[in-house]
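I have placed the structure first, in the form of structure tokens, so that the comments after it can refer back to it.
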Amino acid sequence: MSDPQSRPNEPSCIHAGGVVLVFDRVMHYHRATLQAIDRRLADSRIPFTVLSALDRAGTKGRVADAAKVVASHEHFGLSERRVAGFQLRYQHGLLTGVRRHAPSVVISTCHSGTFTEWQLLRWARRHGVRRVSWQCGYEYNPGLVKRVVLGRFVPQFDFHLCYHTNARRYSLQHGAREDQTLVMHNTIDERAIRPASRDGARRELEARHPELAGKRIVLYVGAVLDEKRLERVMEAFDRLAMPDAIFLVVGDGPHLPALKARYAARRDWLSVGAVVQGVGVYFDAADVFVLPGTGGLAINEAMAHRLPVLSGYADGSADDLVIDGETGFRLREDTAEELADRLRRILADPQQGRTMGERGEQRIRGPLSFESFIDRVVGVLQQQHRLAGKT
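Residue numbers (the working numbering): 488 to 878.
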């Protein structure tokens, strides 16, 4: 199935409309962001529409939010297939949905493996619609072929809203100009997080999970996927030599059965399944948050709860968030020995952990706050809307 690129009676320029954002999946952690953008654009009388897909019933791991997040939110069908390590996608009926709203600006996620995103960019260019990327800048399949593809794909956007400085570097590397990029510092709404006292959180959590009584908690929260590399934490525990430490996994996903099978006999870890509402108590009771593999926004949430963070490259955002030795430690060697050493430093010195957590909270509620993030995003969208009206 394919969408026609244009209709015979369709005008060549259609800039009277608003902003249309296209996501493959709207997750629960996108809700506050999209609603804030909707409100701010409404203040400028710019309509805002979200187009996204839904997951099939029974899907585990990263599952799309089934509820509408803004008043104008429509869903499309999504086909996905992995071919030779590359994720290919087709968004059914996307162009029909976009055309119906006659936008001045379209935002998409800059996934070069999404066939309909190529079609969308071509259609938008033909009709004078400004093209903005919501640029994560994380590359799962680097190599010559992907560099060639990205060199043709990335320059088709008029502007790149970059998750972090590494995403900006990624955009520039693949053909964007410096004046076409802005680091938005993608984040959560930290104003909704009010950390509880650690002692109170510990009592609540130990009543719920007696296995945690008297333990120093190393926390992971998120989807349980192979690329999260949670085995690295278990390997670090083999070297940690702290019998009172426990690895607490909060989340679900297709890789969880493999972890449970592999570590069924071990008592130094606990999986409690997916928790969305009420997850704050897990952060507040923990001693340190760890993210050895991919991810991103969980770092922001941990920092808002005053937790020190140990993180690998994640989605690239860790370089902006985790100040080595100040708000936690960046994992650069990608070894169990390194992770065990950093865990030992924090767990053996609770005061250092508390100080790191407090510094992290200051960053996430200061220069990297949600309000500043929304200001940056909306400023770019307003600018692109004005530019569309001049073409």
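Positions of the beta carbon are idealized from the N, C-alpha and C atoms, including for glycine.
Taking only the alpha-carbon atoms, compute the straight-line gap between residue i and residue j and give it to the nearest angstrom.
i	j	result
R754	G701	14 Å
E858	D676	8 Å
H872	R617	8 Å
V766	D511	25 Å
M729	D862	45 Å
R841	L794	7 Å
H560	Y516	16 Å
V556	D828	42 Å
A761	V641	35 Å
M721	P741	18 Å
Hey, could you find the ends of the alpha helix (DSSP H) residue i is sitting in?
i	result
A745	743-749
G844	837-851
R639	631-640
T814	Where T814 is concerned, there is no enclosing alpha helix (DSSP H), given that its DSSP letter is neither H nor E.
K675	According to the sequence as given, residue 675 is Ile; it is not Lys. Neither: I675 is in no alpha helix (DSSP H) and is coded neither H nor E.
A700	Counting along the chain, A700 falls outside any alpha helix (DSSP H), and DSSP gives it neither H nor E.
Give the single residue among the options whose Cα lies nearest to the Cα of residue i.
i	options	result
H792	E718, V509, R850, R568	R850
V864	W605, P629, T674, A751	T674
E823	F573, R726, V641, A654	One point to set straight first is that residue 823 is Ala, not Glu, in the sequence displayed. When only C-alpha atoms are compared, the closest one is R726.
Q643	I680, G815, E604	E604
A540	A529, V513, S559, S531	V513
S684	I594, H517, A772, R527	A772
R681	R703, E848, W756, D552	E848
E698	D686, F734, L712, E665	F734
For residue i, name the three-state secondary structure that DSSP assigns.
i	result
R512	strand
H560	strand
I501	Unreliable positioning characterises I501 in this predicted model, as indicated by a pLDDT of 41, which lies under 50. The coordinate reading is nonetheless provided below. Looking at I501 - three-state DSSP - the assignment turns out to be coil, as it is neither helix nor strand.
Q578	strand
V727	Reading off the sequence shown, one finds Leu at residue 727, where the question assumed Val. Helix at L727.
T583	helix
I533	coil
K543	Sequence check: residue 543 is Arg here, not Lys. Correct three-state label for R543: coil.
S859	helix
S658	helix
S493	Low confidence applies here, because S493 scores a pLDDT of 43, under 50, leaving its location unreliable and the question unanswered by this model.
H792	coil
F770	helix
H872	helix
T652	helix
T520	helix
T822	coil
Residue i lies in the beta strand (DSSP E); which residues open and close that run?
i	result
A571	Where A571 is concerned, there is no enclosing beta strand (DSSP E), given that its DSSP letter is neither H nor E.
Q622	617-622
Y800	First-last for Y800: undefined, no H or E at that position.
L648	646-649
My assumption, with CB atoms under 8 Å, is that residue i sits in contact with residue j. Please give the rounded CB distance.
i	j	result
S798	R817	6 Å
G600	G580	The Cβ separation is near 19 Å, so there is no contact.
Chain C beta carbons: is any one of them nearer than 7 Å to that of residue i?
i	result
T674	Note that chain C does not occur in the displayed structure, where there is just one protein chain.
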